[in-house]
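What follows is one structure encoded as structure tokens, with my remarks underneath.
Residue numbers (this note's numbering): 260 to 583.
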């Protein structure tokens with residue numbers, strides 16, 4: 260694989276400029292340190308999506324663990340939430356403070372105050388505002404996609420407001436891998452290459468719209484690629500993401516069969532849960548895919564992955580739709 264120049268990724272530079280430095284681990288990944296550019300890991304960008312997946316699969320709580328994605332001290336925020344004045348302001352949790360108009364009013368009224376409480380609150384609101392708008396500070400497609408994931412982890416969204424299906428997250432990690440060639444079997448499906456013992460299931464939302472394609476007895480069973488955006492624990496996850504799914508063993512016995520492929524149509528609401536694994540290389544448009552995934556994309560090319568440089572996720576969505 261080609262060597263990576265020792266330059267900073269646009270995301271790293273932007274977050275430094277916005278005074279929101281990322282954790283050392285994320286910086287190492289996004290800057291494409293050689294340790295992440297292996298055939299097993301793919302590239303630093305891929306690894307950075309795996310790193311965010313760890314947080315995305317966990318429920319958003321009042322704990323400050325998600326803030327470990329940044330290189331910042333959180334003692335001030337802890338003290339803020341425990342301050343007697345926090346109760347009068349209804350500061351029961353620390354997320355989405357920048358959306359509260361009442362807090363903006365209070366901060367304006369106390370803008371001249373030197374009290375540590377108001378100073379810390381102003382800093383946290385400003386941090387969240389910068390984070391929420393940080394995707395507009397970058398120019399690369401892959402930067403915007405990754406930043407949206409990060410932003411939603413800290414500032415979770417409402418699935419109803421977003422109009423997206425909310426997946427249940429699995430509490431246990433299933434035995435489904437996310438290797439650099441996981442896209443292989445899904446790409447081959449487009450051209451009718453399905454092993455004789457393989458099954459292809461279509462996972463749908465409550466309106467029978469396709470959400471994912473699942474493969475069974477094809478590589479790792481119960482591995483899925485999303486064909487539409489979904490939500491998990493308040494985070495918007497784009498189409499062309501890799502998931503694992505778990506459902507009762509006898510579930511498929513009672514379900515509708517696919518129209519053309521050997522498999523079933525599975526309601527997402529009937530599944531026990533899902534686990535987000537990483538973004539696939541198909542999550543970025545064809546024109547920018549090689550740049551975004553660098554050595555990961557090169558490994559796929561070297562290993563003869565079919566049509567990974569031309570396939571659009573809409574083609575897999577069309578394949579899924581034809582089964583309904």
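We put the CB at the ideal spot given by N, CA and C, even for glycine. Just so we're clear, the structure is a prediction, and the values are computed from it rather than from any experiment.
Proximity winner among the options, relative to residue i (alpha-carbon distances)
i	options	result
residue 466	492, 526, 412 and 454	526
residue 541	429, 521, 512 and 439	439
residue 410	344, 375 and 274	274
residue 583	471, 396, 498 and 431	471
residue 533	432, 343 and 488	432
residue 358	346, 384 and 345	384
residue 469	558, 579, 437 and 572	579
residue 286	271, 297 and 276	271
residue 323	294, 560, 381 and 354	354
residue 297	554, 481, 345 and 479	554
residue 461	520, 559 and 288	520
Under 8 Å between C-beta atoms of residue i and residue j
i	j	result
residue 208	residue 449	Coverage of the chain is limited to positions 260 through 583, which leaves residue 208 absent and any answer about it impossible.
residue 564	residue 473	no
residue 390	residue 269	no
residue 339	residue 386	no
residue 556	residue 549	yes
residue 336	residue 348	no
residue 510	residue 498	no
residue 423	residue 507	no
Cβ shell of residue i (< 6 Å), same chain only, five flanking positions each side left out
i	result
residue 515	524
residue 425	418 and 490
residue 406	393 and 394
residue 314	325 and 412
residue 477	444, 454 and 457
residue 328	282
residue 479	435 and 436
residue 295	288, 303 and 306
C-alpha distance - residue i paired with residue j, whole-angstrom precision
i	j	result
residue 368	residue 282	34 Å
residue 373	residue 379	10 Å
residue 599	residue 513	Because the chain spans 260 through 583 in this model, residue 599 falls outside it and cannot be assessed.
residue 279	residue 486	32 Å
residue 290	residue 303	7 Å
residue 415	residue 408	10 Å
residue 330	residue 388	17 Å
residue 581	residue 341	55 Å
residue 351	residue 397	33 Å
residue 308	residue 517	32 Å
residue 284	residue 404	19 Å
residue 316	residue 428	6 Å
residue 566	residue 447	9 Å
residue 430	residue 311	16 Å
residue 381	residue 276	19 Å
residue 345	residue 267	39 Å
residue 288	residue 334	26 Å
residue 293	residue 531	38 Å
residue 560	residue 321	43 Å
residue 558	residue 356	43 Å
residue 451	residue 552	26 Å
residue 370	residue 568	53 Å
residue 343	residue 577	56 Å
Cβ-Cβ separation, residue j to residue i (assumed contact under 8 Å), whole Å
i	j	result
residue 421	residue 319	Actually they do not touch by this definition, with Cβ atoms about 15 Å apart.
residue 501	residue 537	5 Å
residue 306	residue 300	5 Å
residue 459	residue 483	Incorrect: roughly 10 Å between the Cβ atoms, too far for contact.
residue 543	residue 401	5 Å
residue 365	residue 435	Going by Cβ atoms, the distance from residue 365 to residue 435 rounds to 47 Å, so no, they are not a contact pair.
Near the ligand PLP: residue i beta-carbon under 7 Å from a heavy atom
i	result
residue 362	As presented, the structure is devoid of all ligands, the ligand PLP included, so that no description of it is given.
Sequence-distant residues of the same chain with beta carbon closer than 8 Å to residue i, five excluded per side
i	result
residue 492	315, 316, 317, 318, 319, 415 and 428
residue 463	469, 470, 524, 525, 526, 527 and 583
residue 475	457, 458, 459, 460, 481 and 522
Same chain, Cβ closer than 7 Å to residue i, neighbours up to 5 away in sequence not counted
i	result
residue 535	312, 315, 316, 491, 496, 500 and 502
residue 562	440
residue 360	none
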